[in-house]
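A short write-up of the structure that comes next.
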Amino acid sequence: MIPTVTMRLVSALLLSGALALGVLAGPHSGLSCASASAGAAARAPAVPYEPSEPEVVTAMLRIAQVGPDDVVYDLGCGDGRIVIAAVKERGARGVCVDIDPERIRESRENARRAGVEDRITFLQRDLFETDIRDATVVMLFLWPEVNLRLRPKLFRELSPGARVVSHLHDMGDWQPEAVLLVPVNGETHEVYLWKIRR
Ligand SMILES: C[S@@+](CC[C@H](N)C(=O)[O-])C[C@H]1O[C@@H](n2cnc3c(N)ncnc32)[C@H](O)[C@@H]1O
Numbered sequence: 002m003i004p005t006v007t008m009r010l011v012s013a014l015l016l017s018g019a020l021a022l023g024v025l026a027g028p029h030s031g032l033s034c035a036s037a038s039a040g041a042a043a044r045a046p047a048v049p050y051e052p053s054e055p056e057v058v059t060a061m062l063r064i065a066q067v068g069p070d071d072v073v074y075d076l077g078c079g080d081g082r083i084v085i086a087a088v089k090e091r092g093a094r095g096v097c098v099d100i101d102p103e104r105i106r107e108s109r110e111n112a113r114r115a116g117v118e119d120r121i122t123f124l125q126r127d128l129f130e131t132d133i134r135d136a137t138v139v140m141l142f143l144w145p146e147v148n149l150r151l152r153p154k155l156f157r158e159l160s161p162g163a164r165v166v167s168h169l170h171d172m173g174d175w176q177p178e179a180v181l182l183v184p185v186n187g188e189t190h191e192v193y194l195w196k197i198r199r
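Residue numbers (the numbering used here): 2 to 199.
And the structure:
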């Protein structure tokens with residue numbers, strides 16, 4: 002895994018060329034979603050794929066206190082690792098949502114190998130067009146701007162008591178209930194927790 006600082010530097014150097022080519026840097030890079038999306042196809046992922054590290058996945062499950070009564074959504078699930086861990090290690094049910102068909106194929110295959118495919122629903126879909134009303138926990142590793150765009154949907158669709166967890170990026174002026182600082186290869190990754198309250 003390339004260190005965050007290096008990623009930021011490389012991203013800055015390659016910014017103009019990368020944007021011209023429509024190449025997107027990951028959520029670590031510090032590029033804004035809007036600028037990184039310039040020139041990309043309308044249905045291209047708003048946030049490119051970059052997996053959360055295993056220690057971050059563990060922290061995300063821990064901060065949300067995921068248990069057997071939970072339905073855990075990962076909006077932009079990548080290879081499915083967060084939902085698969087929630088199901089396998091915490092007894093939850095899960096929903097993997099990703100706009101990229103390759104990621105959904107990978108998630109399903111990883112879930113099958115882990116023996117938990119029957120407890121997970123796989124949706125190849127834009128996260129903004131996904132009904133999340135039955136989620137008790139929503140996991141996110143997106144962009145700051147995407148988190149902010151998602152906020153109204155979270156308030157509209159989630160029930161009181163539902164938890165929202167974000168790797169690395171906050172929710173603007175929505176204050177988190179807790180933050181875990183997770184050391185990963187000499188860097189610190191923030192994991193934020195919010196609860197829906199009425
Ligand atoms: C940074 S990765 C996070 C993967 C996984 N959640 C994790 O933490 O390991 C972001 C993922 O979001 C997906 N994605 C981007 N825009 C999306 C959208 N509008 N709807 C659904 N998925 C999207 C990408 O395809 C990618 O797999």
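All C-beta atoms in this analysis are idealised placements derived from N, C-alpha and C, irrespective of residue type, glycine included.
Secondary structure of residue i, DSSP reduced to three states
i           : result
residue 179 : strand
residue 140 : strand
residue 190 : strand
residue 94  : strand
residue 75  : strand
residue 151 : helix
residue 117 : coil
Cβ-heavy atom distance, residue i to ligand 1, below 6 Å
i           : result
residue 149 : no
residue 97  : no
residue 101 : yes
residue 123 : no
residue 56  : no
residue 145 : no
residue 167 : no
residue 184 : no
residue 108 : no
residue 163 : no
Classification of residue i by the beta-carbon crowding that lies within 10 angstroms, buried from 16 upward
i           : result
residue 51  : buried
residue 186 : exposed
Close Cβ partners of residue i (< 7 Å) along its chain, the five nearest in sequence each way excluded
i          : result
residue 64 : 166, 179, 181, 192 and 194
residue 58 : 82, 83 and 86
residue 78 : 84, 97, 98, 99, 104 and 108
6 Å Cβ shell around residue i - same chain, five flanking residues per side excluded
i           : result
residue 196 : 164 and 178
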